[in-house]
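So the sequence lines, in the order shown, correspond to chains C and G.
Mapped onto this note's numbering, the consecutive letters of the first sequence carry residue numbers 1256 to 1318.
Mapped onto this note's numbering, the consecutive letters of the second sequence carry residue numbers 121 to 268.
Even glycine gets a Cβ: it sits at the ideal position worked out from N, Cα and C.
Please read these numbers as outputs of a predicted model, since none were measured by experiment.
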Amino acid sequence: MGTGIKDEKRNVPDWFTPEKLEEFRPAIEAAAQEKVDRLVAAWTPEFRAALRKLRERKTAPPK
Amino acid sequence: MNAAFYESILNGKRLMFWFTSIGKESIIKVIQFKPTEEPDIYEIALGDLNSDGSIDLDKRSDNGDTEEVLSTVAKALLFFLSDHMEAQIVIEASSDSRARLYQIAIKRGLDDLGEYLVAYGFDNEKPEVLQSGKNYKKFVISLREDRL
């Protein structure tokens, strides 16, 4: 846990531990999912079509 | 200085990152990349984690380190894309002021990472390369095609 870009002078609040993160993870994920679901539900058909077009352009084989 | 960390989560998908925002106070920030029903399209969610386990996803922290926070988010985004190379990440601003902030941060990020990333702003639901003087509320960021 906690690999990646590291700073030796971490200043993490006392209450925050890897165990706490594991304990909170379901609630964190549920809250984020709820927000994302709300945002995605508001996407218009035009926006979805534009996203698909960008994706197709991205995944198209090189000419 | 903000220290970005990504979790070695069990599924190894690097969908959640956290870091400490150190400004007026120390705030745990959580970044999550959430898949949507559209293939390879993810939404990003950034929030402040509270000591009771609740998370504020729309709160303006005003912690005095906005630039560092946005720069750390940009790094997390790059980490994520390095593991999900086909992904496109949608960033939606909850307000006009936040949209302007994101736009400035994305522009700045592209100065550093433009070799790797491509970003579009959405104007009337149509994507376009970001232009100065225009305000966008939605952005899409992905790896450049030639980096795949």
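Using CA atoms only, rank isn't needed, just tell me which of the options is closest to residue i.
i        : options                                : result
I175(G)  : T186(G), D182(G), L166(G)              : L166(G)
L221(G)  : D182(G), E245(G), I209(G)              : D182(G)
D266(G)  : L250(G), G184(G), G234(G), G241(G)     : G234(G)
E119(G)  : S252(G), S146(G), Q208(G), F242(G)     : Look at the range of chain G in this structure, 121 to 268, and you will see that residue 119(G) is not part of it.
L230(G)  : F242(G), V260(G), D168(G)              : V260(G)
I147(G)  : V189(G), F199(G), P247(G)              : V189(G)
D160(G)  : T1314(C), T1272(C), I1283(C), A1287(C) : T1314(C)
Q251(G)  : N244(G), E245(G), Y240(G)              : Y240(G)
W1270(C) : D168(G), D172(G), R180(G), D203(G)     : D172(G)
V210(G)  : K149(G), E145(G), I164(G)              : I164(G)
Which chain C residues are close to residue i, counting only those with a beta carbon under 7 Å from its beta carbon?
i       : result
Q223(G) : In chain order: nothing, as chain C lies at least about 18 Å away.
E269(G) : The structure shown does not extend to residue 269(G), since chain G is modelled only from 121 to 268, so the question has no answer here.
V150(G) : I1283
Run through DSSP, which three-state label would residue i get?
i        : result
K1275(C) : helix
T140(G)  : strand
L263(G)  : strand
Q208(G)  : strand
P159(G)  : coil
L201(G)  : helix
E169(G)  : Contrary to the premise, residue 169(G) reads as Leu rather than Glu in this sequence. Looking at L169(G) - three-state DSSP - the assignment turns out to be strand.
M1256(C) : Low per-residue confidence applies at M1256(C): pLDDT is 41, beneath 50, and the placement is therefore not dependable, though the value from the model is reported in the following sentence. In the structure shown, M1256(C) sits in coil (DSSP, three-state: anything other than H, G, I, E or B).
K257(G)  : coil
D1269(C) : coil
S191(G)  : helix
S252(G)  : coil
When you compare the CB of residue i with every CB in chain B, is at least one pair closer than 8 Å?
i       : result
E163(G) : No chain B appears in this structure, whose protein chains are C and G.
Here's a check: name, in chain order, each residue in its chain whose Cβ is nearer than 7 Å to the Cβ of residue i, leaving out the five neighbours to either side.
i        : result
D178(G)  : S214
P155(G)  : Y162
R1280(C) : none
Can you give the beta carbon distance from residue i to residue j, rounded, assuming they're within the 8 Å contact cut?
i        : j       : result
A225(G)  : Y256(G) : The Cβ separation is near 12 Å, so there is no contact.
L1309(C) : E212(G) : Not really, about 15 Å apart at Cβ, beyond 8 Å.
R264(G)  : F200(G) : That belief does not hold up - the Cβ atoms of R264(G) and F200(G) are roughly 15 Å apart, past 8 Å.
K258(G)  : F242(G) : 4 Å
Leaving out the 5 sequence neighbours to the left and right, which residues in its chain are closer than 6 Å to residue i when beta-carbon positions are compared?
i        : result
F1302(C) : none
K254(G)  : none
D185(G)  : S141, G143
P1268(C) : none
A194(G)  : G229
Give the interface partners of residue i over in chain C, defined as CB-CB distance under 8 Å, in chain order.
i       : result
E187(G) : Under the 8 Å cutoff, chain C gives no residues; its nearest Cβ is about 16 Å from E187(G).
G167(G) : I1283, A1286, A1287
S146(G) : N1266, V1267, P1268
F242(G) : F1302, A1305
So residue i contacts chain G; which residues on that side make the cut at Cβ distance below 7 Å?
i        : result
T1272(C) : The contacting residues do not exist; T1272(C) stays about 11 Å from chain G at best.
E1301(C) : E245
Which bits of chain G does residue i rub up against, with CB to CB less than 9 Å?
i        : result
E1278(C) : G173
R1310(C) : E158, P159, D160, I161, E206, Q208, S262
So which residues of chain G does residue i contact, with C-beta pairs closer than 8 Å?
i        : result
R1307(C) : E158
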